[in-house]
Amino acid sequence: MYVNIIGFFIGYFIDGSDVFLHWKNYLLYSSIIGMALWSGNEWFSVQVDKRYSWLENPIRKLVLRVVFSLLYSTVVMVIIYMSLWFFVHHNRDLTNFYQYNRLSFLIFYGCTVIVMLIFHSVAFFQSWQKAALNEERLKKKAFHFSSRL
Numbered sequence: 000m001y002v003n004i005i006g007f008f009i010g011y012f013i014d015g016s017d018v019f020l021h022w023k024n025y026l027l028y029s030s031i032i033g034m035a036l037w038s039g040n041e042w043f044s045v046q047v048d049k050r051y052s053w054l055e056n057p058i059r060k061l062v063l064r065v066v067f068s069l070l071y072s073t074v075v076m077v078i079i080y081m082s083l084w085f086f087v088h089h090n091r092d093l094t095n096f097y098q099y100n101r102l103s104f105l106i107f108y109g110c111t112v113i114v115m116l117i118f119h120s121v122a123f124f125q126s127w128q129k130a131a132l133n134e135e136r137l138k139k140k141a142f143h144f145s146s147r148l
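In numbering that gives the first Met the number 0, the protein residues as written are 0 to 148.
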């Protein structure tokens, strides 16, 4: 749902009110991009979470997640935009590809960075909160154990 809302926002920013005339295309476009980006980035985040803790290796974990997210997102976007370029626009010449899609790429990277910052910040603070709660629970257990002696 959020993916489609962001897709419509980006579409409106780039194409104006045309987004409402071609809403089915924008819905399909944002769903494909969103699901591809979400699933790949989520899979990698789970793999990194298995190996590194936010509390023990926060910098390494953040760098790995950010670098992978940017690289993976770039590959996905280039594949999707080239597919649109070749199959929807029926354009075989790549000389104007970047010029035509430059604004879309810039907006996409801006949104990617914002979403990344939000998700990584939330993940860090959830992990930090969980560690603080575990520490408090251990202190209570230690206090109850020592008071029994």
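Yeah, the Cβ is synthetic: ideal placement off N, Cα and C, and Gly gets one too.
Computed from a predicted structure; not experimentally measured.
By the CB criterion at 8 Å, residue 106 and residue 12 fall inside the cutoff. Annotation: the continuous alpha helix (DSSP H) that includes residue 42 extends over 22-50. Unbroken alpha helix (DSSP H) runs of no fewer than 4 residues, entirely contained in the stretch 50-98, are found at 57-82, following chain order.
Sorting 146, 111, 138, 56 by C-alpha distance to the C-alpha of residue 127 places 56 at the top. With a beta-carbon spacing of about 12 Å, residue 45 and residue 60 fall beyond the 8 Å limit used to define contacts. DSSP places residue 120 in the helix class (H, G or I) of the three-state scheme. Take the alpha-carbon of residue 9 and the one of residue 103: they are about 8 Å apart. If you draw a straight line from the Cα of residue 52 to the Cα of residue 93, it comes to about 43 Å.
Three or more Cβ pairs closer than 8 Å define a contact, and the stretch 112-128 meets that threshold against the stretch 64-76. At least 8 Å separates the beta-carbon of residue 39 from that of residue 6.
Spanning the alpha carbons of residue 85 and residue 121 requires a straight line of approximately 38 Å.
Nearest in C-alpha terms to residue 77, of all of 15, 36, 142, 125, is 36.
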